[in-house]
Amino acid sequence: SEEKISEENIINFRKDHLGKGLSLSYDKPLHIVRGEGVYLTDINGRKYLDTVNNVNHVGHQHPKVVEAGQRQMAVLNTNTRYLHQEIIAYADALLKKLPPHLSVIHFVNSGSEANELALRMAKTVTGNKNFLAVEVGYHGNTNAVMDVSSYKFEGEGGFPKPETTHILPLPDSFRGTYLGENCGTNYANHAKKIIANLKAEGKEIAGFIGETLISCGGQIVPPKNYFKEVYKHVRKAGGICIADEVQTGFGRMGKTFWAFELYNIMPDIVTMGKPAGNGHPLAVVACTKEIAEKFNTGMEYFNTFGGNPVSCAIGLSVLEVIEAENLQQNALKVGGYLIAGLKKLQKQFPVIGDVRGEGLFLGFELNDSDKNPLPEHATYLANRMKQLGILMSIDGPDHNVLKIKPPMVFNKAHANELLVRLKTVFTEDYMVRI
Ligand code: PMP
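So, in C-alpha cells, the structure goes:
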C-alpha cells in the first residue's frame, strides 16, 4: 500500500523492538528518505546540506557507484573461495594507492572487523597481547577493539580498562596536558615510559593502534613529531604499528591519500572502512608481506562476505570516481577555503576557541575565555544549523567540537552556504561568549 508508516509509529517500534543502545540524532529525529551528492532530503521534501557523513564519500547515491553495485549484483555474488576477477581488480587498484611495503590485502565488512583482524595479526606475529592506544580513541564495536577504545570503556556505561590496554594521553595541542613547540615529543614519551614500565614487569607489547587524525577525540590534529616518535618507541620494542584510517583515508586529507602520509610514517598495518564502499559495508586490512606470512599459522582466516564480487565492484568504482572527479584535489582546495573562512569567523566570534583539520576533515571547538569547553553552545549551534537546513555533528570528550567531514563533492558554494549560516547563528544572543 502507498500508506506511509507514521514517524510516531517508527519511533515506537524502535523503542519496543530495536536494540536500545543507540541514540538518534537531534531531539526531534530526522526522517531521511533520499540522498544525492551533498544533500539529504527528509520525508517532507526538505533538503539538508550534509557536513557529517564521511561514509558517503563520493556523494550520496553516486550514480557510478550505484551502477557498479547493481551491475555486479545481477551477475554474480558468491563467496571468496572461487576465483573471480573483481577481487583482483579492486585489490590491485587499492595497492597502487598504498606504499609498496603494504602489499597484502584482506577484505572484511566493517571498520570494527578490520581493526579486530589487525589486532589479531599483531598478537599472532609478536606473541604478545599488550596494546598501546590513544585516549578517547574509538576503533569499533567487537570485544577486542572495544578493549582498545577508551572512548567506549571510559565513557558512560563503560567497563574497567583491561589489563592489557595502555592508554596514551590525547595529543591535544590546544588545551591538553602539553602545549607548545615540543608537545608532540612530550606526548610520545608516554609510549616510551609505558613500554619501559611493562618491560620492568617482564611484559612485552603487541603494538600500537591509533587514528592518524583523531576523530572521536574531537578532530585532533596530532602535533609535530608525535606519530614519528610513538612509532619509533613501539618499533624499538618489537611492536606492530596499526594506523586506523577508517575515517581519514581515501583522499579526504587533500594533501595526501592517507593521513599517515602527512607525517612520513610507515605503519605495518593500515585499516580502512567507512568511505571504502560509499555506504556499502566494505572494509580492508592492508599489511606487510612479512605480517601476512607470519599470520598464516595454518588456522584459516575465513570471511563469508569479505571480498565478495559486489563489494569489490563497488569499492573499485569508488576509487575510480575519486580519480575521475579529482576529489582529493577538491578536498585540498575546498577544505583550504573552508578552514580560512572558519578562521575568519573565529576572529569575529571568539567563542570559537580553535579551528583545525586537514582537507575535508575539519573541526572547530567552542570555549569560554579560559578555554573551558561550552558543550551547550555546541548543542545549540547544531540544532539551529539543522533548523537552517545544515546537518552538523558534535564530538570530543567535552562535546564541544563541531566536526565537518562532508561527502567529498562538497564545493565552494556549499562551503559558502555553511559559512553564511554559521555566521547567522554566531550572531544570535545565545552564542555570545561567556
Ligand atoms: N575506527 C574508527 C576510527 C571509526 O570511526 C569507526 C566507526 N565510527 C570504526 C573504526 C568502526 O567502524 P564500523 O562502525 O564500520 O565497524
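So the number in full-length UniProt numbering is just where the residue sits in the sequence shown, counting from 1, plus 573. The C-beta atom is built at its ideal place from N, Cα and C for all residues, glycine as well.
Within a 10 Å sphere around the beta-carbon of Leu597 sit fewer than 16 other beta-carbons, which makes this residue exposed.
In this structure, the CA atom of Glu754 is about 19 Å from the CA atom of Leu786. Checking the 7 Å criterion, the Cβ of Lys601 is out of range of every heavy atom belonging to the ligand PMP.
Nearest neighbour of Asp745 by Cα position, chosen from Phe999, Asp927, Thr997 and Met965, turns out to be Asp927. Taking 7 Å as the cut-off, one finds no heavy atom of the ligand PMP near enough to the beta carbon of Gln792. Phe781 and Arg619 have their C-alpha atoms roughly 44 Å apart.
Among the bridge pairs identified by DSSP, Lys620 is matched with Thr614. About 5 Å separates the Cβ atoms of Lys765 and His806, confirming a contact at the 8 Å cut-off.
Within 10 angstroms of the beta-carbon of Val993 lie fewer than 16 other beta-carbons, which makes it exposed. As computed with DSSP, Glu609 is found in a beta bridge with Tyr612.
A distance below 6 Å between beta-carbons, with the five flanking residues on each side excluded, links Ala816 to the following residues of its chain, in chain order: Thr785, Phe833, Pro840 and Val843.
Rounded to whole angstroms, the separation of the alpha carbons of Ile616 and His604 is 6 Å. Note that the C-beta distance between Lys776 and Asn703 is below 8 Å. Inclusion of Ser683 and Gly846 in the CB contact set at 8 Å is warranted, their separation being smaller than that value. Listed in chain order, the non-local C-beta contacts of Ser722 below 8 Å within the same chain comprise Ala706, Gly710, Tyr711, His712 and Gly713, local neighbours out to five positions each way being set aside. Contact between Ala859 and Ile813 fails: their C-beta atoms lie close to 13 Å from each other, not under 8 Å. Take the alpha-carbon of Thr952 and the one of Glu686: they are about 32 Å apart. Inclusion of Leu741 and Ile793 in the CB contact set at 8 Å is not warranted, their separation being larger than that value.
Within the stretch 634 to 684, the complete beta strand (DSSP E) segments of 3 residues or longer fall at 675 to 681, listed in chain order.
In this structure, Tyr711 has its beta carbon less than 7 Å from a heavy atom of the ligand PMP.
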